[in-house]
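Asks: Each residue of the sequence shown is one higher than the one before, counting from 1 in UniProt numbering. The beta-carbon is built from N, C-alpha and C at its ideal position, and this holds for glycine as well. Structure in structure tokens, see below.
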Amino acid sequence: MNYLEAIGKYFIMIWEVFKKPTKWPIMRSLILKEIDELIFGSLGIIIFIAFFIGGVVTIQTALNLNSPFLPKSLIGFATRQSVILEFAPTFTSIIMAGKVGSYITSSIGTMRVTEQIDALEVMGVNSLNYLVFPKIIAMLMYPFAVAIAMYVGILGGWVAAVFGGYAPSGEFIKGLQLDFDSFHVTYSFIKTLVFAFVIATVPSYHGFYMKGGALEVGKASTTAFVWTSVVIIILNYTLTQLMLG
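Laid out in structure tokens, this is it:
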């Protein structure tokens with residue numbers, strides 16, 4: 001019953017977020033601030049992880065394709081499929097759930113503990129719209145970060161293949177072009193937008209409705225990361241079955 005109550009409370013929160021919007025000049029500055037902190041502040045770790053994940057996928061693929069009858073172009077093909085379909089959208093989202101989700105929960109939770117949210121509500125401000133809506137809009141830029149992760153991941157695979165001696169550059173690029181389906185990129189971006197909404201709202205829920213003091217803020221951040229990751233994995237399975245099944 002506690003889980004059902006939490007799910008219902010979450011959807012009520014989503015409804016309240018879009019009611020009684022904050023004035024646009026204030027909202028615009030909040031959105032720009034969140035884009036800087038949530039998206040551009042995360043590009044460094046996204047690029048770093050994507051580059052080495054692409055390299056690891058290439059190396060593992062090359063080591064398993066040890067038959068002389070299999071063309072080296074399959075290494076590029078497998079790297080492209082792995083990075084675009086799963087590693088860039090899903091793996092990056094799990095990382096973002098930890099980095100961005102913890103930040104969102106702790107920042108909103110700290111405002112709850114220090115009674116700043118109560119002060120907003122006393123002034124007649126819709127605190128959910130003021131705090132959560134800018135994060136949702138900022139996370140609409142998340143596919144931009146995932147597109148960079150796709151490019152850097154494939155680049156990392158190319159570097160590993162060529163400089164590691166696993167495949168010639170021409171064969172690797174030939175594999176990247178082999179049977180390319182543009183819908184796979186569309187599927188990844190649709191999935192990314194859904195994940196972005198989850199990353200913005202689930203941690204916000206745990207931060208907004210937490211009770212206690214500073215210790216509970218840390219516990220809420222951990223809980224938010226766990227549940228955000230669980231929801232992302234379930235949605236990943238569901239969307240894959242619906243769109244590619």
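Enumerate in chain order the residues of its own chain whose CB-to-CB distance from T105 is below 6 Å, with the five nearest sequence positions on each side excluded.
Replies: Result list for T105: P203, H206, G207, A220, S221, A224, in chain order.
Asks: When you compare only the Cα positions, how much space is there between K174 and P68?
Replies: Answer to the nearest angstrom: the Cα atoms are 18 Å apart.
Asks: Do T201 and M27 have their beta-carbon atoms positioned less than 9 Å apart in this structure?
Replies: No.
Asks: Give the secondary structure of G55 by DSSP, where H, G and I count as helix, E and B as strand, and everything else as coil.
Replies: Of the three classes helix, strand and coil, the one that applies to G55 here is helix, per DSSP.
Asks: Determine the direct distance from the alpha carbon of F77 to that of P71, and round the result to whole angstroms.
Replies: Approximately 11 Å, taken between the alpha carbons.
Asks: Just confirm the distance between the C-beta atoms of T228 and G41, as a whole number of angstroms; I'd bet it's less than 8 Å.
Replies: Not a contact, Cβ separation roughly 18 Å.
Asks: Using 8 Å for Cβ pairs, my map puts L43 next to I148. What's the rounded Cβ distance?
Replies: Yes, they are in contact, since the Cβ atoms of L43 and I148 sit about 7 Å apart, within 8 Å.
Asks: Alpha carbon to alpha carbon, what distance is there between A160 and V56?
Replies: If you take the alpha carbons of V56 and A160, they lie about 8 Å apart.
Asks: Output the distance between the C-alpha atoms of D36 and L131, rounded to the nearest integer angstrom.
Replies: The straight-line gap from Cα to Cα measures roughly 15 Å.
Asks: Should G54 go down as buried or exposed, given a rule of 16 or more other Cβ atoms within 10 Å for buried?
Replies: Buried is the call here.
Asks: Where do the N-terminal and C-terminal ends of the alpha helix (DSSP H) with N129 fall, by residue?
Replies: Its alpha helix (DSSP H) spans residues 127-131.
Asks: Judging by CA-CA distance, which residue of D181, V226, A88, L65 is the nearest neighbour of A145?
Replies: Cα-wise, what sits closest to A145 is A88.
Asks: Just to confirm, are V198 and L235 a CB contact at a threshold of 9 Å?
Replies: It is a contact, given that the beta carbons lie within the stated cut-off.
Asks: When you compare each of I232, I75, L193, Y187 to V242 by their alpha carbons, which one comes out closest?
Replies: The sequence given here places Leu at residue 242; Val does not occur at that position. Nearest C-alpha to L242: Y187.
Asks: From Y64 to F183, what distance separates their C-alpha atoms?
Replies: According to the sequence as given, residue 64 is Asn; it is not Tyr. N64 and F183: Cα-Cα distance of roughly 28 Å.
Asks: Rounded to whole angstroms, what is the Cα-Cα separation between S93 and L74?
Replies: Their Cα atoms are separated by approximately 27 Å.
Asks: Using CA coordinates, which residue listed in S107, T192, D118 is at the minimum distance from L85?
Replies: Checked all of S107, T192, D118; the closest Cα to L85 is T192.
Asks: According to the Cβ coordinates, are T58 and G164 closer than 9 Å?
Replies: Going by C-beta atoms, T58 is nearer than 9 Å to G164.
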